Amino acid sequence: MTILTGQPPSEAIGYSFAKATSAPVREHSFYPYTDNGGSTLGISGSDFAILAGDTRSVAGYNINSRYVPKVFKIGGDDETGEGAHILLSVVGFAADGQALKERLDAVVKMYKYQHGKSMSVRACAQRLSTILYQKRFFPYYVHAILAGLDEDGKGALYTYDPVGSYEREQCRAAGSAASLMMPFLDNQVNFKNQYIPGSGEGHALEPKKAEPLPRKTVEQLVRDAFTSAVERHIEVGDGLQMMVVTKSGIEEVYYGLKQD
Amino acid sequence: MNHFPEAWGRPRDDIYGPYNPSYLQTTGPKTHTQSPAVTGTSVVAVKFNGGVAIAADNLASYGSLARFTDVKRLRKFGESAVIGFSGDVSDMQHIDRLLESIDIRENYSTHGNTMNAKNLHTYLSKVLYKRRSEFNPLWNHILVAGFDENKKPFLSSADLLGTTFSAPHLATGFGAHLAVPILRRLFPDEESIETASKEQAVAALRECLKVLWYRDARSLDKYSIAVISEAGIEIEEDQQIEAQSWAFAEAIKGYGAQVN
Chain A
1 MTILTGQPPS
11 EAIGYSFAKA
21 TSAPVREHSF
31 YPYTDNGGST
41 LGISGSDFAI
51 LAGDTRSVAG
61 YNINSRYVPK
71 VFKIGGDDET
81 GEGAHILLSV
91 VGFAADGQAL
101 KERLDAVVKM
111 YKYQHGKSMS
121 VRACAQRLST
131 ILYQKRFFPY
141 YVHAILAGLD
151 EDGKGALYTY
161 DPVGSYEREQ
171 CRAAGSAASL
181 MMPFLDNQVN
191 FKNQYIPGSG
201 EGHALEPKKA
211 EPLPRKTVEQ
221 LVRDAFTSAV
231 ERHIEVGDGL
241 QMMVVTKSGI
251 EEVYYGLKQD
Chain B
1 MNHFPEAWGR
11 PRDDIYGPYN
21 PSYLQTTGPK
31 THTQSPAVTG
41 TSVVAVKFNG
51 GVAIAADNLA
61 SYGSLARFTD
71 VKRLRKFGES
81 AVIGFSGDVS
91 DMQHIDRLLE
101 SIDIRENYST
111 HGNTMNAKNL
121 HTYLSKVLYK
131 RRSEFNPLWN
141 HILVAGFDEN
151 KKPFLSSADL
161 LGTTFSAPHL
171 ATGFGAHLAV
181 PILRRLFPDE
191 ESIETASKEQ
201 AVAALRECLK
211 VLWYRDARSL
221 DKYSIAVISE
231 AGIEIEEDQQ
241 IEAQSWAFAE
251 AIKGYGAQVN
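Residue numbers (the UniProt record's numbering), protein chains in the order written: chain A, 1 to 260; chain B, 1 to 260.
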């Protein structure tokens, strides 16, 4: 046995191991999210659902681009979106929104290949919730809205928080100007704080019942909500992209908004 | 062989001497890029009738030190696209290696398909998004210029978070503040982009780089400029900012040489 060191040989043979360090856990200074601003809005009717969003993309006070869509056709052709019957809007962190859209699109397509029928909006809604919840501890930082027609042909709208809590609603605004648009929608779509004149004594008036609105009215409400949001919110503007699902397919319309 | 399996295969201290255990660290923090080290500043690009022009200066800074003054930050990909890099230079070189291997694979393949600028942008944005999702970002903001599958001019951006957006004129870093307003003034709408000549686009970029040289302290008067058109890619890597006029500097008051 060669002894290379001057140490006296000992009975017990020693080995060198990595010593545990007490190095403090360093905090990551990299923040993996950003807010790309903008707003989306969905309203459902008796035989249609509308999903709309502005097309501005921001980073702080900078405008990245004046045309970055936030509303997508799900399960259709990659280029044209043909054959789709579900709409998804995402607002918040655009890169996560893009990733979420692509995952849901793949899921809806796989469903059709595997089952030979298109995915119902109800099933798609549940699946989207699961996708979001799977990333519960590193969430997709987006507020998603899913729209389509339900089994009875009625307009269906499902709204989500970033970790997958969801519910079916008549109408919902999301994104940076949601707090500006939502009270307007509460009043104009769900007739909150509206009462039937002369239906009772003093404050005991009968509230006006909410009912599905005709498509023309809804489209005008969407345009009004956005033109007003543009006036009061710097992250909203440039263009309004509006998609309407009906039993005959998806129609897309674009309106210019103020660029200031 | 003893009955301590964890010691098997390790050098015996009585033969080799005790090993400095600090070389055996397996615990402790795994280090990811928390901030960039050697960086490139703005990249500016604009579309014109029949192509895209893109430019970046030849400086790689180490903090405020102008460290490397002959760094090419525009990279040609095949005959179809040019990528402009800002941000960390070592991460740029890593991405460059990824692109090189794709380019080689494509040139050896028999299918004859080549990636266009749009495909390349999709690939790069996915690489960037994957790395940010692993909390190990590639600290770059890149612009991809070239043509899409329909031979239409293509210009798009991707950053270290995986955020992507496209616009007729784009700039990274300081250029987003200084160059984009100049380009938006010169080419305000889609129509002016579609009628802009190659010469106008190149002149606009040269003007932007001059303003950046005046005002961005991390910029250089030597730059590269590339034009992607039907005819192919023309890239010039040893340009000098001409016709400088520092007369405006005389009038600046409040800081620097003239305090009052």
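Cβ atoms here follow ideal geometry from the backbone N, Cα and C, with glycine treated the same way. Quick caveat, the model's predicted, so the values are computed rather than measured.
Would you say B/GLY84 and B/VAL43 are within 8 angstroms of each other, going by their C-beta atoms? Within the second sequence, numbered from 1, the residue matching residue 84 of chain B stands at position 84. Within the second sequence, numbered from 1, the residue matching residue 43 of chain B stands at position 43. Yes; because the gap between Cβ atoms is below 8 angstroms, this pair is in contact.
Taking A/PRO183 as part of the alpha helix (DSSP H), name the residues at either end of that continuous run. The sequence position of residue 183 of chain A within the first sequence is 183, counting from 1. Segment 178–188, the alpha helix (DSSP H) holding A/PRO183.
8 angstroms is my cut-off, CB to CB: does A/PRO69 come that close to chain B? As a first step, residue 69 of chain A is located in the first sequence; it is residue number 69 there, counting from the start. No - not a single Cβ of chain B is within 8 angstroms of the one on A/PRO69.
Residues bridged to A/THR246 [DSSP beta-bridge criterion]: In the first sequence, counting from the first residue as 1, residue 246 of chain A sits at position 246. BP columns for A/THR246 point to A/GLY249.
So what does A/PHE191 bridge to, in DSSP terms? Against the first sequence, residue 191 of chain A aligns to sequence position 191. Answer is none; A/PHE191 lacks a bridge partner.
Distance, Cα to Cα, B/THR164 vs A/ARG215? On the second sequence, position 164 is the one that residue 164 of chain B refers to. On the first sequence, position 215 is the one that residue 215 of chain A refers to. Between B/THR164 and A/ARG215, the C-alpha separation is close to 34 angstroms.
Burial state of A/ILE43 (16 or more Cβ within 10 Å): As a working note, residue 43 of chain A is residue 43 in the first sequence. So A/ILE43 ends up on the buried side.
In chain B, which residues lie with their C-beta within 7 angstroms of the C-beta of A/ILE74? Residue numbering aside, residue 74 of chain A sits at position 74 when the first sequence is read from its first letter. Within chain B, no residue comes near A/ILE74; the closest Cβ sits about 19 angstroms away, beyond 7 angstroms.
Of all the options B/VAL52, B/GLY17 and B/LYS210, which has the alpha carbon lying nearest to the alpha carbon of B/PRO153? Here residue 153 of chain B refers to the residue found at position 153 when the second sequence is read from its first residue. The candidate whose alpha carbon is nearest that of B/PRO153 is B/VAL52.
What is the residue span of the alpha helix (DSSP H) that B/PHE77 lies within? On the second sequence, residue 77 of chain B is found 77 positions in, with the first residue counted as 1. B/PHE77 -> not in any alpha helix (DSSP H); beta strand (DSSP E) instead, spanning 74–77.
State the DSSP-derived secondary structure class of A/GLN241, mapped to helix, strand or coil. Here the question's residue 241 of chain A lines up with position 241 in the first sequence. In the structure shown, A/GLN241 sits in a strand (DSSP, three-state: E or B).
Please state whether DSSP places B/LEU98 in a helix, a strand or coil. The residue you call residue 98 of chain B lines up with position 98 of the second sequence. Helix, per DSSP.
Grab the span of the alpha helix (DSSP H) containing B/LEU212 for me, first residue to last. Here residue 212 of chain B corresponds to residue number 212 of the second sequence, with the count starting at 1. Unbroken alpha helix (DSSP H) run through B/LEU212: 198–215.
Return helix, strand or coil for B/ALA243, following the three-state DSSP convention. Sequence index remark: in the second sequence, residue 243 of chain B carries index 243 (1-based). Coil at B/ALA243, not helix or strand.
Going by CA-CA distance only, name the one from A/TYR15, A/THR40, A/GLY81 and A/PHE17 that's closest to A/LEU240. Counted from its first residue, the first sequence places residue 240 of chain A at position 240. Out of A/TYR15, A/THR40, A/GLY81 and A/PHE17, A/THR40 has the C-alpha closest to the C-alpha of A/LEU240.
Please report whether the beta-carbon of A/PHE30 lies at a distance below 8 angstroms from any beta-carbon of chain B. Counted from its first residue, the first sequence places residue 30 of chain A at position 30. So, interface residue.
Cβ shell of A/ILE86 (< 8 angstroms), same chain only, five flanking positions each side left out: In the first sequence, residue 86 of chain A corresponds to position 86, counting from 1. Result list for A/ILE86: LYS73, ILE74, GLY75, VAL108, MET119, VAL121, CYS124, LEU146, ALA147, GLY148 and VAL245, in chain order.
So, at 7 angstroms on beta carbons, what are the nonlocal neighbours of A/PHE17 in its own chain, with the 5 sequence-adjacent residues on each side left out? Numbered from its first residue, the first sequence carries residue 17 of chain A at position 17. Hits under 7 angstroms: none found.
Between which two residues does the alpha helix (DSSP H) carrying B/LEU178 extend? Here residue 178 of chain B refers to the residue found at position 178 when the second sequence is read from its first residue. Run containing B/LEU178: 175–186, per the alpha helix (DSSP H) assignment.
Residues in the same chain with beta-carbon distance under 8 angstroms from residue 271 of chain A, minus the five sequence neighbours each way, listed in chain order, please. With chain A running from 1 to 260 in the structure shown, residue 271 of chain A is simply not present.
Check whether the Cβ atoms of B/GLY232 and B/THR41 lie closer than 8 angstroms to each other. The residue given as residue 232 of chain B occupies position 232 in the second sequence. The residue given as residue 41 of chain B occupies position 41 in the second sequence. Taking 8 angstroms as the Cβ cut-off, B/GLY232 and B/THR41 do not qualify as a contacting pair.
Cβ closer than 9 angstroms: which chain A residues qualify as neighbours of B/SER35? Locating residue 35 of chain B in the second sequence gives position 35, counting from the first residue. Within chain A, the residues near B/SER35 are SER29 and PHE30.
From the beta carbon of B/GLY154, is the nearest beta carbon of chain A less than 8 angstroms away? One-based indexing of the second sequence puts residue 154 of chain B at position 154. Just to set this straight, residue 154 of chain B is Phe in the shown sequence, not Gly. No, B/PHE154 does not count as interfacial toward chain A.
What is the rounded straight-line gap between the Cα of residue 311 of chain B and the Cα of A/TYR15? Lying outside 1 to 260, the shown extent of chain B, residue 311 of chain B is not represented and no answer is given.
Classify B/ASN119 as helix, strand or coil using the three-state DSSP reduction. In the second sequence, the residue the question calls residue 119 of chain B occupies position 119. The answer is helix: DSSP assigns B/ASN119 an H, G or I state.
Contact set between B/LEU161 and chain A, taken where Cβ atoms lie within less than 8 angstroms: Counted from its first residue, the second sequence places residue 161 of chain B at position 161. Those are PRO32, TYR33, THR34, PHE93 and ALA95, listed as they occur along chain A.
Spatial neighbours of B/HIS141 in its chain, beta-carbon cut-off 6 angstroms, leaving aside the 5 residues before and after: Here the question's residue 141 of chain B lines up with position 141 in the second sequence. For B/HIS141, where only same-chain residues beyond five positions count, the Cβ hits under 6 angstroms are SER86, GLY87, ASP159 and THR172.
At the level of alpha carbons, what is the spacing between A/GLN134 and A/ASP35? Here residue 134 of chain A refers to the residue found at position 134 of the first sequence. Here residue 35 of chain A refers to the residue found at position 35 of the first sequence. C-alpha separation (whole angstroms): 22 angstroms.
Rounded separation between B/PHE48 and B/ALA55 - CA only: Here residue 48 of chain B corresponds to residue number 48 of the second sequence, with the count starting at 1. Here residue 55 of chain B corresponds to residue number 55 of the second sequence, with the count starting at 1. Whole-angstrom Cα-Cα distance: 14 angstroms.
Taking 8 angstroms as the threshold (beta carbon to beta carbon), is residue 261 of chain B in contact with chain A? It is not possible to answer for residue 261 of chain B, since the shown part of chain B is limited to 1 through 260.
If I follow the unbroken alpha helix (DSSP H) through A/ALA229, where does it start and stop? Position 229 of the first sequence, counted from the start, is the residue given in the question as residue 229 of chain A. 215–232 is the extent of the alpha helix (DSSP H) around A/ALA229.
Per DSSP, what kind of secondary structure is B/GLU194 in: helix, strand or coil? As a position in the second sequence, residue 194 of chain B is number 194, starting the count at 1. Three-state DSSP puts B/GLU194 in a helix.
Rounded C-alpha distance that separates B/GLU194 from B/ILE228: For the purposes of this step, residue 194 of chain B is identified with residue 194 of the second sequence, where counting begins at 1. For the purposes of this step, residue 228 of chain B is identified with residue 228 of the second sequence, where counting begins at 1. Each residue's Cα considered, the two are about 15 angstroms apart.
Where does B/LEU59 fall in DSSP's three states? Sequence index remark: in the second sequence, residue 59 of chain B carries index 59 (1-based). Note: B/LEU59 maps to coil in three-state DSSP.
Show which residues of chain B have a CB atom less than 9 angstroms away from the CB atom of A/ASN62. Numbered from 1 along the first sequence, position 62 holds the residue referred to as residue 62 of chain A. Near A/ASN62 (Cβ distances below 9 angstroms), the residues of chain B are ALA176, HIS177 and VAL180.
Interface partners of B/ARG10 on chain A, CB under 7 angstroms: Locating residue 10 of chain B in the second sequence gives position 10, counting from the first residue. Residues of chain A passing the Cβ test: TYR15 and SER16.
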